[in-house]
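According to our numbering, numbering within the sequence shown proceeds without interruption in unit steps and concludes at 1282. All C-beta atoms, glycine included, are put in the ideal place defined by N, C-alpha and C. No experiment lies behind these values; they were computed from the predicted model shown.
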Amino acid sequence: MSFLIRDLIMNSAILIAFSFMAGHLYASSARHDSWKFKLSIGSVNGIIAILLIMIGIRVNYSDVMNILDLRVLPILMSAYIGGPAAALITASMITVFRSLQNPSVFLIVLVTMHMLAYLSSWIVRHVRSFLVQWSAMIALMLLNYFGVFHFVYHVPIFTTLGPFLLICTLNALLIAAIMNFFNKQRTMGRQLRQAQQDVLDIVRMQSGFSFKLIRQDDVFVCTMLGGQLLEQLGVKSEQAIGGSITKLLSEETARKTQTYMEQLERGESVNFELQSAPETYAPGVLAEGITLKVLLITLQPIIDDGGSVAEIIGTAIDITDRKKADQRVAEEEERYRTLVESSYDFIIGLDPDGAITSVNQALCQLLQLEAEQIRGRRLTDFLFQDRPDSWSAILKQTLRDGIPQQWEWEHTDGDSTRTYSLTVSPCFPAGQNASGITATIHDLTDLISKKEAVKASEAKSRFLANMSHEIRTPLTGIIGVSQLLLDTPLSAIQWDYANKIHSSSRTLNTLINEILDFSKIEAGQISIARVPFSVGDWLADVADVVGTFIGEKPVDVVLDVAPNVPDRLIGDPLRLRQVLLNLCNNAIKFTSHGYVRVYVEAAPLGKERCSLQCTVQDTGIGIPADKLASLFQPFTQADDSISRRYGGTGLGLVISKQLVERMGGTIQARSQPGQGSLFSFELIFELEAEQIGPQPIPLEQRRALVAGSSEIVRTSVAGMLTSLGLRVLESRDQLAQADLLIVDLSQEHARSGRWNSLINNAHSTGIPVFVLATTFSRNLLLQRDGAEERTFTLLKPVSRKQLADALASWREHGIGREQAAASTAPVPIPEPPEGARKILLGEDNEINQLIVIELLKDKGYAVGIANNGVEALELLEREPWDLLLIDIHMPVMDGCETVSRIRQNPRFRNLPIVALTADAFKENHELYLRSGMSDILTKPFDPDQLYSKINRWLDA
């Protein structure tokens, strides 16, 4: 019995020693699910079991040599630590070793050991409680020992088996306690590692970065560094960890931080800002290309038992945005302070009791006191001395209602009375009640004076508009009747008198227009539109009007356009037309002979804009150099004698300059006396998205002979023809080769008939003839018998578009050599439709009625008369009309109301209606168009202007 106990105790000692080794392996291993770990646990416990068998107690019962040992306990440890695989490895090693010792026990050892390994592993896997696990495994072990040794080998219970089972139980409990110890140690280690990992994750994920410095041999070395800001700075923590401060920072930065290190040595916390730039760190620490950042560094010393700094814990955050925000706030405060101090208004800060807390310089200057002398006193000490109760009521109401209050009052100082506006506003700090009041006092005296001036200007404008209408109405009659008189058979003296009346009335009309335009510009009533327009249409419109300026003067006017000029622009075509007409009128007026050349060119400014330059060159009298500076001043001409000789107000150039500058451009003038003048202006326009370039007319290489005495006209027309696809012939001897003839007919040649033989030769050979003539020379041409029937006349100046339209019409009607001679109709104008076009005239002035009727009948129109709007409505209901000409100012019912009622009827929604008005104000024109007018014709008008409007709408 003593040997039994002694041997079992030795078994227990060996088992416990190896248990500590297996438990340590279990606690220190990170991966328990690997095969390497399971093989190690199974093998170690198998070796323990073999040692236990080797020193076990040998007993002989039932004629079988058995060994009493603790081999089962290593199987339990393998099952608990390594799972089924480790337990089976241990059971297999026991089986092999016992079989080598005693082959006869192989089967029983194989079954019992492997069954024990499997059952123990099942218990560990499916039972969660540690106590229940080991209780079940110990019970399984005891049942295994008892069943084998008692029932198989009949070992005595009380003398041998009982003590053995008791020792097995005690050893199992001790091993369970050891396993519990290492299990808790393993859990604590895992929790510690997780806590460390969490701390590292927190450090790594913070927006700034944290670091830890440990003193080593009087040098602080970085042992921990992490944070997202490191990545933004291009710093890798691996490069910095293990390095000292002197190796991480530049010498300059390290020297600057020495003061902070001295504070840390005294146990004080430190906060400071650091400019994070490449020169802040040692070479290679900061990545290249990193933008400047401002860091807020916080350092906290850790003191050891000896009172020295052992460690330093530090954090850094990026305050770049905050610094910028602080700078913006400071700038805003400075800007606000500057605005307050520089304001002409009186700005006063008050506390809730009404005491002054702040004032600006304006009030100090008014009171002739320093700000310190005003603060703390009440506003009624300086202002509102005659109404303190009203001021007190305003303060109380502002604080009570929490909304600004306004008050106006007049202050009399001696002989002067000024009007002031007071605005009292409460100040609300965030989430608090009103903590004060801001009072702003504004002097309204000048504003009231300006409003009165504006009212006076508006009254003046209304007066000018009324006077314009009153003057234009009889002026329209004078111009119209004189034009009709000129078209009748007159003697030479009668024609001269009538022509002087007509010319003088047109001059008077021009003066009125200039004065009205200048007054509108001075009053700021000129607005600049932004609408799409065509350069070709603009120049064609200018050509129509310029032709009326020439009169009997032997002056040639040409309109040339560079090939690179885009056709579709966005701007104000009406103001552009007005500028160019003023310059052309000015050039023609001061040019007695020679030419006036208009040249338009463009320069691209990217893909969406271009610069348009217009030049007007003349061969007139010229301007002295000392007079050019005053050229664009109102009511000024180069010489007073010029005004007496040529007339005019001198406003045309002033108006042009003002309009060009309103459109964002510049205008210049160059001139020499006796050599003419050159006026040019430059404007920037947006390009319309869709551009339509010059389209050559498919004339199948038709040849055109251009004849005339003016070289500049021939060159201009030849350039237009070439751009339109025609071949230009240069000599009159080449008439036989030409498909059409274009003759520039001056007034002198119209009288002398210089080109009659050439024109007659063309007629005789069937060549169509185009004649370029002024209105005066055209009348001389029409006096020739049959000239109108076989000649197509273009009024000068002719634009490229007008020439292209004429050639297109000629080609469309197919008039060639064979057909031209036999044609009896005007070329290239087609026959009008059968039945005269009917035009209704709404006009109450008899003279104006007479003028329009005669002009329309002269062109073959049927004309009806309505003396007021009511009659116009009745005539429209009674019979169909092709077009309505209507005066704005009529009795009974005016033009605007009449048109508004007409447009309400669906039958007349597409009826062309042209307003006739002596009102030259553009703002009123827009009102007329909104009322339903299709177009507007300003009185007085030329016959050509009337015909152009009618043709435009009837053709449409």
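Inset, instruction - Ignore the nearest five residues each way along the sequence and tell me which others in proline 752's own chain have a CB closer than 7 Å to its CB. - result: Position 426 of the sequence shown, counted from the start, is the residue given in the question as residue 752. For proline 752, where only same-chain residues beyond five positions count, the Cβ hits under 7 Å are Thr724, Leu725, Gly728, Ala760 and Ile763.
Glycine 873 in three-state terms, based on DSSP
Along the sequence shown, one-based indexing puts residue 873 at 547. The DSSP-derived three-state label of glycine 873 is helix.
Considering only residues of the same chain and omitting the five flanking positions on each side of threonine 589, which have a CB-CB separation below 6 Å? Numbered from 1 along the sequence shown, position 263 holds the residue referred to as residue 589. It is glutamine, not threonine, that sits at residue 589 in the sequence shown. These residues qualify, in order along the chain: Val596.
ask   = So what does DSSP say about glutamine 731, is it helix, strand or coil?
value = For this step, residue 731 is matched to residue 405 along the sequence shown. Note: glutamine 731 maps to strand in three-state DSSP.
Q) Which term fits glutamine 809, buried or exposed, when burial requires 16 or more other beta carbons within 10 angstroms of its beta carbon? A) To locate residue 809, count along the sequence shown from 1; it is residue 483. Buried.
Inset, instruction - State the beta-bridge partners of arginine 894 as determined by DSSP. - result: As a first step, residue 894 must be located in the sequence shown, where it is residue number 568. In the DSSP assignment, the residues bridged to arginine 894 are Ser860.
Worksheet item: Within 10 angstroms of its Cβ, does glutamine 820 collect 16 or more other Cβ (buried), or is it exposed?
Response: By 1-based counting over the sequence shown, the position of residue 820 is 494. Result: exposed.
Got a sec? Which residues, its chain only, sit under 6 Å from aspartate 1111 by beta carbon, not counting five neighbours each side? If you number the sequence shown from 1, residue 1111 lands on position 785. Residue placement at aspartate 1111 is poorly supported in this model, since its pLDDT is 45, which falls under 50; the coordinates are not used for a value here.
In the DSSP assignment, the beta strand (DSSP E) including asparagine 1174 goes from what residue to what residue?
As a position in the sequence shown, residue 1174 is number 848, starting the count at 1. Unbroken run through asparagine 1174 is the alpha helix (DSSP H), 1172-1184; no beta strand (DSSP E).
(Q) Relative to the C-alpha of methionine 1259, which candidate in Gln1271, Phe1267, Glu1223 and Pro1266 has its C-alpha closest? (A) Stepping through the sequence shown from its first residue, residue 1259 is reached at position 933. Proximity to methionine 1259 across Gln1271, Phe1267, Glu1223 and Pro1266 peaks at Glu1223, based on C-alpha coordinates.
**Prompt:** Going by the beta-carbon positions, is the gap between lysine 1275 and threonine 1243 smaller than 9 Å?
**Reply:** Locating residue 1275 in the sequence shown gives position 949, counting from the first residue. Locating residue 1243 in the sequence shown gives position 917, counting from the first residue. For lysine 1275 and threonine 1243, no; Cβs fall outside 9 Å.
### Query
Okay, do the stretch 434-452 and the stretch 404-419 touch, 3+ Cβ pairs below 8 Å being the bar?
In short, these stretches touch, since the Cβ pair count reaches three.
>> Using a Cβ-Cβ cutoff of less than 6 Å, which residues in the same chain neighbour alanine 1198 once the five nearest sequence positions on both sides are dropped?
In response: For the purposes of this step, residue 1198 is identified with residue 872 of the sequence shown, where counting begins at 1. Within the same chain, alanine 1198 has close Cβ partners Gly1168, Ala1192 and Thr1224.
Using beta-carbon positions only, say whether asparagine 1194 and proline 1217 come within less than 9 Å of one another.
-> By 1-based counting over the sequence shown, the position of residue 1194 is 868. By 1-based counting over the sequence shown, the position of residue 1217 is 891. Note that the C-beta distance between asparagine 1194 and proline 1217 is below 9 Å.
Self-check item: Neighbourhood of asparagine 506 by C-beta distance below 7 Å, restricted to the same chain and skipping five residues each side
Solution: Sequence index remark: in the sequence shown, residue 506 carries index 180 (1-based). Phe456.
Notebook entry, point to check: At what residues does the alpha helix (DSSP H) containing alanine 1088 begin and finish?
Noted result: Here residue 1088 corresponds to residue number 762 of the sequence shown, with the count starting at 1. Judged by DSSP secondary structure, alanine 1088 falls within the alpha helix (DSSP H) whose first and last residues are 1082-1090.
Does alanine 1146 come out as helix, strand or coil in the three-state DSSP assignment? Locating residue 1146 in the sequence shown gives position 820, counting from the first residue. The pLDDT assigned to alanine 1146 is 35, lower than 50, so where the model puts this residue is not dependable; a value taken from the coordinates is nonetheless given after this. Alanine 1146 falls in the helix class under three-state DSSP.
On a CA-only basis, which of Asp1268, Arg1278 and Leu1280 is nearest threonine 802? Give me that one, please. Residue numbering aside, residue 802 sits at position 476 when the sequence shown is read from its first letter. The shortest Cα separation from threonine 802 among Asp1268, Arg1278 and Leu1280 belongs to Asp1268.
Item to complete: Compute the Euclidean distance between the alpha carbons of alanine 521 and arginine 512, then round it to the nearest angstrom.
Response: The residue labelled residue 521 in the question sits at position 195 within the sequence shown. The residue labelled residue 512 in the question sits at position 186 within the sequence shown. Looking at the two C-alpha atoms, the distance is approximately 14 Å.
Looking at chain C, is there any beta carbon in it that lies within less than 9 Å of the beta carbon of arginine 713?
In the structure shown, chain C does not exist; there is a single protein chain.
- Task: Using 10 angstroms around the beta-carbon of tyrosine 670, count the other beta-carbons present and answer buried if the total reaches 16, otherwise exposed.
- Result: Here residue 670 refers to the residue found at position 344 of the sequence shown. Tyrosine 670 is classed as exposed because its beta carbon has fewer than 16 other beta carbons within 10 Å across all chains shown.
Start and end of the beta strand (DSSP E) containing tyrosine 746? Translated into positions along the sequence shown, residue 746 becomes position 420. Membership of tyrosine 746 in the beta strand (DSSP E) is indicated by the continuous run 742-753.
Start and end of the alpha helix (DSSP H) containing valine 1225?
-> One-based indexing of the sequence shown puts residue 1225 at position 899. Note, valine 1225: alpha helix (DSSP H), 1221-1230.
Validate contact between the stretch 892-904 and the stretch 857-866 using beta carbons, cut 8 Å, 3 pairs | Between the stretch 892-904 and the stretch 857-866, the count of Cβ pairs shorter than 8 Å is three or higher; the stretches touch.
_Bridge-paired residues (DSSP) for glycine 1051_ = As a first step, residue 1051 must be located in the sequence shown, where it is residue number 725. Answer is none; glycine 1051 lacks a bridge partner.
ask   = Where do the ends of the alpha helix (DSSP H) carrying histidine 768 lie?
value = Position 442 of the sequence shown, counted from the start, is the residue given in the question as residue 768. Segment 762-769 is the beta strand (DSSP E) holding histidine 768; no alpha helix (DSSP H) there.
Quiz prompt | Boundaries of the alpha helix (DSSP H) in which glycine 1258 is found, first to last residue | solution = The count along the sequence shown starts at 1 and reaches residue 1258 at position 932. Segment: none, glycine 1258 is in no alpha helix (DSSP H) and carries neither H nor E.
Could you spell out where the alpha helix (DSSP H) holding arginine 1278 opens and where it closes? Numbered from 1 along the sequence shown, position 952 holds the residue referred to as residue 1278. Residue range 1269-1281 is occupied by the alpha helix (DSSP H) that includes arginine 1278.
Ignore the nearest five residues each way along the sequence and tell me which others in threonine 771's own chain have a CB closer than 6 Å to its CB. Taking the first residue of the sequence shown as position 1, residue 771 is located at position 445. Excluding residues within five positions, the ones whose Cβ falls inside 6 Å are Arg744 and Thr745.
| threonine 624 versus Ala503, Cys494 and Leu539, residue with shortest Cα-Cα distance | Counting from 1 along the sequence shown, the entry for residue 624 is found at position 298. Nearest C-alpha to threonine 624 among Ala503, Cys494 and Leu539: Leu539.
#### Entry: Pairwise C-alpha distance: isoleucine 720 and cysteine 936
The count along the sequence shown starts at 1 and reaches residue 936 at position 610. The count along the sequence shown starts at 1 and reaches residue 720 at position 394. Taking the straight line joining both Cα atoms gives about 59 Å.
* **Backbone secondary structure at glutamate 1014 - three-state DSSP** => By 1-based counting over the sequence shown, the position of residue 1014 is 688. Residue state, collapsed to three classes: coil.
The beta strand (DSSP E) spanning threonine 992 covers which residue range?
-> As a first step, residue 992 must be located in the sequence shown, where it is residue number 666. Following the DSSP letters along the chain, one finds threonine 992 inside the beta strand (DSSP E) bounded by residues 992-997.
CB-CB under 7 Å to asparagine 470, same chain, minus the five flanking residues each way: which ones, in chain order?
Position 144 of the sequence shown, counted from the first residue, corresponds to residue 470. In its chain, beyond the 5 residues on either side, Val398, Thr438 and Leu442 have a beta carbon closer than 7 Å to the beta carbon of asparagine 470.
Around the Cβ of aspartate 966, are there at least 16 other Cβ atoms within 10 angstroms (buried) or fewer (exposed)? Walking along the sequence shown from the start, residue 966 turns up at place 640. Annotation note: pLDDT 47 at aspartate 966 (below 50); position unreliable, coordinate value reported separately. Under this definition aspartate 966 is an exposed residue.
Our contact map puts valine 881 next to glycine 920 with C-beta atoms below 8 Å; I'd like the distance itself, whole angstroms only. Residue 881 sits at position 555 when you count from the first residue of the sequence shown. Residue 920 sits at position 594 when you count from the first residue of the sequence shown. Rounded, the Cβ-Cβ distance is 6 Å, consistent with contact.
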